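For the sequence shown, the UniProt record's numbering begins at 1 and goes up steadily by one.
Structure, as structure tokens:
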Amino acid sequence: MKFSLFLTSLAAAFAATDASSGTLTEDCRAVVSDFDSEDGGEVMVLHCMIDNRYFVVPSVETEWIMGKQKSLELVSGETFLSFPEGTTYADSLINTTEEPALVIGGERRRLNSVIGTTGEKKVLVVVIDGEDCVGCSSTRRTTTTEALIQETLFDESKVNIATQFEACSHGALDLVPATYTASGAPYSDITAGTTGVTTTTSSRGGFFVMTNTAVDYPRMVTYMNDVLDQVEAKHGTEYENIADFLMICAPGNTMKDTNAIAWVNDRVSIYNNNNEYCLQVSVTMHELSHNLNLRHSTEGGVEYEDQVGYMGYSTPQRHFPQMCFNGAKTHQMGWFEDKTVTLQPNACNDETVAISGFVNYDQEDVDNVLLEIDDSTSGVSYFIAYNDASSFNHETQEGANQVTINTQDNEGLADDESDLVAKLSDGQSYTITGFGGVSAGEVVIEVVSIVNDVATIKISAPGSTCVPEVGGDPHITTWAHEHYEFHGQCDLVMAKDEKFADGLGLDVHIRTKLVRYWSYIKNVAIRIGNDILEIEGSSNPEQNEATYWLNYEYQGELIELAGFPVNFESSSLAKSHYEIDLNSKYPGVKIIIKLYKEFIRVKLDGGEEAFGNTVGMLGDFHTGKTLGRDGATVMNDFTEFGQEWQVIPSEPKLFHASEDPQFPKKCIEPEDPRGDRRRRLAESHISVQQAEKACATLRDPLSMKDCVYDILATQDLDMIGAF
Numbered sequence: 001m002k003f004s005l006f007l008t009s010l011a012a013a014f015a016a017t018d019a020s021s022g023t024l025t026e027d028c029r030a031v032v033s034d035f036d037s038e039d040g041g042e043v044m045v046l047h048c049m050i051d052n053r054y055f056v057v058p059s060v061e062t063e064w065i066m067g068k069q070k071s072l073e074l075v076s077g078e079t080f081l082s083f084p085e086g087t088t089y090a091d092s093l094i095n096t097t098e099e100p101a102l103v104i105g106g107e108r109r110r111l112n113s114v115i116g117t118t119g120e121k122k123v124l125v126v127v128i129d130g131e132d133c134v135g136c137s138s139t140r141r142t143t144t145t146e147a148l149i150q151e152t153l154f155d156e157s158k159v160n161i162a163t164q165f166e167a168c169s170h171g172a173l174d175l176v177p178a179t180y181t182a183s184g185a186p187y188s189d190i191t192a193g194t195t196g197v198t199t200t201t202s203s204r205g206g207f208f209v210m211t212n213t214a215v216d217y218p219r220m221v222t223y224m225n226d227v228l229d230q231v232e233a234k235h236g237t238e239y240e241n242i243a244d245f246l247m248i249c250a251p252g253n254t255m256k257d258t259n260a261i262a263w264v265n266d267r268v269s270i271y272n273n274n275n276e277y278c279l280q281v282s283v284t285m286h287e288l289s290h291n292l293n294l295r296h297s298t299e300g301g302v303e304y305e306d307q308v309g310y311m312g313y314s315t316p317q318r319h320f321p322q323m324c325f326n327g328a329k330t331h332q333m334g335w336f337e338d339k340t341v342t343l344q345p346n347a348c349n350d351e352t353v354a355i356s357g358f359v360n361y362d363q364e365d366v367d368n369v370l371l372e373i374d375d376s377t378s379g380v381s382y383f384i385a386y387n388d389a390s391s392f393n394h395e396t397q398e399g400a401n402q403v404t405i406n407t408q409d410n411e412g413l414a415d416d417e418s419d420l421v422a423k424l425s426d427g428q429s430y431t432i433t434g435f436g437g438v439s440a441g442e443v444v445i446e447v448v449s450i451v452n453d454v455a456t457i458k459i460s461a462p463g464s465t466c467v468p469e470v471g472g473d474p475h476i477t478t479w480a481h482e483h484y485e486f487h488g489q490c491d492l493v494m495a496k497d498e499k500f501a502d503g504l505g506l507d508v509h510i511r512t513k514l515v516r517y518w519s520y521i522k523n524v525a526i527r528i529g530n531d532i533l534e535i536e537g538s539s540n541p542e543q544n545e546a547t548y549w550l551n552y553e554y555q556g557e558l559i560e561l562a563g564f565p566v567n568f569e570s571s572s573l574a575k576s577h578y579e580i581d582l583n584s585k586y587p588g589v590k591i592i593i594k595l596y597k598e599f600i601r602v603k604l605d606g607g608e609e610a611f612g613n614t615v616g617m618l619g620d621f622h623t624g625k626t627l628g629r630d631g632a633t634v635m636n637d638f639t640e641f642g643q644e645w646q647v648i649p650s651e652p653k654l655f656h657a658s659e660d661p662q663f664p665k666k667c668i669e670p671e672d673p674r675g676d677r678r679r680r681l682a683e684s685h686i687s688v689q690q691a692e693k694a695c696a697t698l699r700d701p702l703s704m705k706d707c708v709y710d711i712l713a714t715q716d717l718d719m720i721g722a723f
């Protein structure tokens, strides 16, 4: 549904009822409301928060909001809105026809909930006792009693918001009825999670047509702001001092075309009292989850169609169904990170993982309850879970006792919708096509077995070539999938081939930096033909720009390299990647550069046709041997092998600036890399056990080893993000 931009008609249709008005003097926090219309469509409205009250931004539409959310420019509850100087506000409306500028700072996390998804959270339900204003109706009130609300929503013997959030999170999130002791007369106490107020704004007898977002929706927001005013006037404090969640149980049919609205990543939700919408467990779980920053669950792109958990369609019953959330939503909540496995499919090894249902998370013999696969090229994540239909999830409405696969864009960041793409039984499989991390583009997720409530999952990449890479410490994987490390500081030849792409030629050089007793890849430079692309990592968490040089020009226009397209993607300020697409010459082949903070990893993702003639630190493509520059001498001492492939004067100068050492000076090595490491690791504040726990989600033993090493070397548990 779209907003009308004719503010003059708005002013004529809407008499001023809200005393809060003025001129914006600073940016305001953005909050998005999310609700469904009676025709099944999703409606989203953008608000500007002023003095903790809601003001509608009429100049943008649902489609605009969705697009900005997908690009992570707009994150409800986090982004700030900037309007032209002199912009005014009144009657719960920002008086503008201009799209706001979006301002957001800091590193994006998977879920940054204003309320938080763990700990004790207080819930206040507000009922309407009547209306007291000119033209108001004293009989317009909430018919559900406070006593019934307390019994229905908070009774620990029933299925409700209190028991289900506690059960689904295994005690991580505990919703309790709000209590508040006021400062004395004339203010009132709150004892059991409910309060009643009399509004000074009319609900107009229930004629707020929510899909009329140009006129009726702002009127409803004015009504809601008045409810917040009355709560604060009655209890003598701001409402966020009373409760984490504030639920308004409005008189029946207050809203038309919808029966409940929640503000995403915010505290407030509002419900019609007719048909007991403010009492139904599936409605209230759904809306409060919007407050926790969750979006809807789709299936095949159809809104609400995923019925695995509460973010699909709602059911008009007080205490049914008893279920939880799908794998993607559970991942966003962050409740089970210690039993979540993250895999990067590769052609070198099939991976097999056993996962149990979320209901059994607390069992000692359960190692994993969620499997995550990230396609860093497309930004799509796949969340694989076993939907165990037992205990507090026994009434799940879809995919009972099956393996479910949900996708989510932006690697599960922020408030993106999830999509249910597969429900698998024993022996069934699902094939991902176009997966960017493997050369053939296919990843197969197979359910090997489901036995005793444990699903065994195999992940494979059939038809893809085992891809070598260099990264981190640096850790190097050869064409034969042999793993070694080189510790030192200098410029190194990762790979080169003078005949690459019909004689254009290829050079891939890495520049390593020594830090005490370990090193990391600081820069990578890639030449194809006459073009050179140099990329550098950054340890500055505030830096919000790519650091690269194209043909020695800092941040030159980066569209292609020697005619091959170059793509840049960033899922956060700390994590990004570049992709050189060689498909026009070598179908399906790419060079991928991944950055995590200042650390760089480089992958040559292709087969013999593209890289069969390369030489360098990746070894011989056909034999896997680590050969010297003469092409014959096998070098098994990897320190000597690294020194052998130091960049020499006869090779092209790829980096924009020269740094020591340069040949004939040898690569700088730590005096005693192994002994000094052992001594320093013994003095570190992060233990081996802590590092191993952080890296436990990696299934490849060599990657786990590298991860542990890097965490101990850097003393940074977040280094898991580099893998």
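C-beta atoms are modelled at their ideal positions from N, C-alpha and C, and glycine is treated no differently.
Here the structure is a predicted model, which means the values were calculated and not measured.
Quiz item: Expressed to the nearest angstrom, what Euclidean distance is found between the alpha-carbon atoms of Phe-568 and Glu-579?
Solution: In a straight line, the C-alpha of Phe-568 is about 7 Å away from that of Glu-579.
Quiz item: When you compare each of Asp-155, Val-127, Gln-150 and Thr-198 to Gly-252 by their alpha carbons, which one comes out closest?
Solution: Ranking Asp-155, Val-127, Gln-150 and Thr-198 by CA distance to the CA of Gly-252 puts Val-127 first.
Quiz prompt | Range covered by the alpha helix (DSSP H) that runs through Ala-233 | solution = Looking at the DSSP string, the run of the alpha helix (DSSP H) that includes Ala-233 is 216-235.
Practice problem: List in chain order: all unbroken beta strand (DSSP E) runs of 3+ residues lying wholly within the region 128-177. | Solution: Runs found: 173-177.
Practice problem: For Ile-432, collect the residues of the same chain with a Cβ closer than 6 Å to its Cβ; drop the 5 residues on either side in sequence, then sort them by chain order. | Solution: Answer for Ile-432: Val-443, listed in chain order.
Exercise. Identify, in the order they occur along the chain, each residue of the same chain with its Cβ nearer than 6 Å to the Cβ of Thr-88, setting aside the five sequence neighbours on each side.
Key: Sequence-distant partners of Thr-88 (beyond 5 residues in either direction) whose C-beta falls short of 6 Å from its own C-beta, in its chain, are Thr-23 and Asn-95.
Quiz prompt | Exposure of Gly-67, with buried meaning 16 or more beta-carbon neighbours within 10 Å | solution = Counting of Cβ neighbours within 10 angstroms places Gly-67 among the exposed residues, the total staying below 16.
Quiz item: For Ala-610, which residues of its own chain have a beta-carbon under 6 Å away from its beta-carbon, when the five flanking residues on both sides are left out?
Solution: A distance below 6 Å between beta-carbons, with the five flanking residues on each side excluded, links Ala-610 to the following residues of its chain, in chain order: Tyr-586 and Val-589.
Quiz item: Going by DSSP, which residues form a beta bridge with Leu-424?
Solution: As DSSP reads the structure, Leu-424 sits in a beta bridge with Val-403.
Self-check item: Three-state class that DSSP yields for Thr-198 in the structure shown
Solution: Thr-198 carries a strand assignment under DSSP once its states are collapsed to helix, strand and coil.
Quiz item: Counting Cβ pairs closer than 8 Å, one from the region 291-310 and one from the region 393-410, do we hit at least three?
Solution: Below 8 Å, enough C-beta pairs join the region 291-310 and the region 393-410 to call them touching: three or more.
Quiz prompt | Same chain, Cβ closer than 8 Å to Glu-482, neighbours up to 5 away in sequence not counted | solution = Setting aside the 5 residues that flank it on each side, Glu-482 is surrounded in the same chain by Gly-619, Gly-624 and Thr-626, each with a C-beta closer than 8 Å to its C-beta; the list follows chain order.
Quiz prompt | Every unbroken beta strand (DSSP E) within the region 555-639, with a cutoff of 3 residues, ordered by chain | solution = For the region 555-639, the full-length beta strand (DSSP E) segments reaching 3 residues or more read 564-570, 575-581, 590-596 and 599-605 along the chain.
Self-check item: Spatial distance of Pro-84 from Thr-97 (CA atoms)
Solution: Distance between the alpha carbons of Pro-84 and Thr-97: 10 Å.
Quiz item: Relative to the C-alpha of Glu-417, which residue among Asn-326, Ser-650 and Cys-28 is closest?
Solution: When only C-alpha atoms are compared, the closest one is Asn-326.
Quiz item: Going along the chain, which unbroken runs of the beta strand (DSSP E) with 3 or more residues stay wholly within the region 300-361?
Solution: If we require 3 residues or more, the beta strand (DSSP E) runs fully inside the region 300-361 come out as 340-343 and 351-356.
Practice problem: Please go through the same chain and pick out, in chain order, the residues whose beta-carbon is closer than 7 Å to the beta-carbon of Asn-387, but skip the five residues on each side of it. | Solution: Hits under 7 Å: Val-308, Gly-357, Thr-396, Gly-399, Ala-400, Asn-401, Gln-402 and Thr-404.
Practice problem: Whole angstroms is fine: what's the gap from Ser-20's alpha carbon to Ala-657's? | Solution: Pairing Ser-20 with Ala-657, the inter-Cα distance amounts to about 58 Å.
Exercise. Run the CB neighbour count on His-509, radius 10 Å, all protein chains shown included, and call it buried at 16 or more, exposed below.
Key: Label assigned to His-509: buried.
Quiz item: Can you pull the DSSP bridge partners for residue 735?
Solution: Summary: the structure shown does not reach residue 735, with the chain confined to residues 1 through 723, and so no result is reported for it.
Quiz item: Are there three or more Cβ pairs, one per stretch, closer than 8 Å when the region 209-216 is compared with the region 129-148?
Solution: Taking one beta carbon from each stretch, the region 209-216 and the region 129-148 have fewer than 3 pairs nearer than 8 Å; the two do not touch.
Exercise. Can you grab the Cα-Cα spacing for the pair Val-438 / Asp-362, in whole Å?
Key: Val-438 and Asp-362 have their C-alpha atoms spaced approximately 35 Å apart.
Practice problem: Assign Tyr-217 to buried or exposed, taking buried as 16 or more other Cβ atoms, counted over all protein chains shown, within 10 Å of its Cβ. | Solution: Residue environment for Tyr-217: buried (at least 16 other C-beta atoms within 10 angstroms of its C-beta).
Quiz prompt | Reduced DSSP category for Thr-503 - H, G, I as helix; E, B as strand; rest coil | solution = According to the sequence shown, residue 503 is Gly rather than Thr. DSSP places Gly-503 in helix when its eight states are reduced to three.
Quiz prompt | Proximity of Thr-298 and Asp-419 at Cβ, strictly below 8 Å | solution = For Thr-298 and Asp-419, yes; Cβs fall inside 8 Å.
Quiz item: Is the region 493-503 in contact with the region 644-664, if contact means three or more CB pairs nearer than 8 Å?
Solution: With a cut-off of 8 Å on Cβ pairs, the region 493-503 is in contact with the region 644-664, counting three or more such pairs.
Quiz item: Is DSSP giving Gly-119 helix, strand or coil here?
Solution: Three-state DSSP puts Gly-119 in a strand.
Quiz item: When burial is assigned at 16 or more other CB atoms within 10 Å of the CB, is Ser-138 buried or exposed?
Solution: Counting Cβ neighbours within 10 Å, Ser-138 comes out exposed, since fewer than 16 surround it.
Quiz item: With C-beta atoms as the reference, is Phe-383 less than 8 Å away from Asn-406?
Solution: Their beta carbons are under 8 Å apart, which means Phe-383 touches Asn-406 by this criterion.
Quiz item: Can you tell me whether Tyr-239 is buried or exposed, with buried defined as 16 or more other CB within 10 angstroms of its CB?
Solution: Tyr-239 comes out buried.
Exercise. Find the nearest neighbour of Thr-639 within the set His-475, Pro-321 and Glu-26, judged by alpha-carbon distance.
Key: That would be His-475, whose Cα lies nearest to the Cα of Thr-639.
Quiz item: Counting along the chain, where does the alpha helix (DSSP H) carrying Ile-65 start and finish?
Solution: Its alpha helix (DSSP H) spans residues 62-70.
Quiz item: In this structure, what does DSSP give as the bridge partners for Lys-458?
Solution: Lys-458 is bridged to Thr-352 and Glu-446.
Exercise. Could you spell out the range, first to last residue, of the beta strand (DSSP E) harbouring Thr-477?
Key: Segment 475-477, the beta strand (DSSP E) holding Thr-477.
Quiz item: In terms of residue numbering, what span does the alpha helix (DSSP H) encompassing Leu-288 cover?
Solution: Where Leu-288 is concerned, the enclosing alpha helix (DSSP H) stretches over 281-291.
Quiz item: Can you check whether the CB of Pro-58 is closer than 8 Å to the CB of Leu-93?
Solution: For Leu-93 and Pro-58, yes; Cβs fall inside 8 Å.
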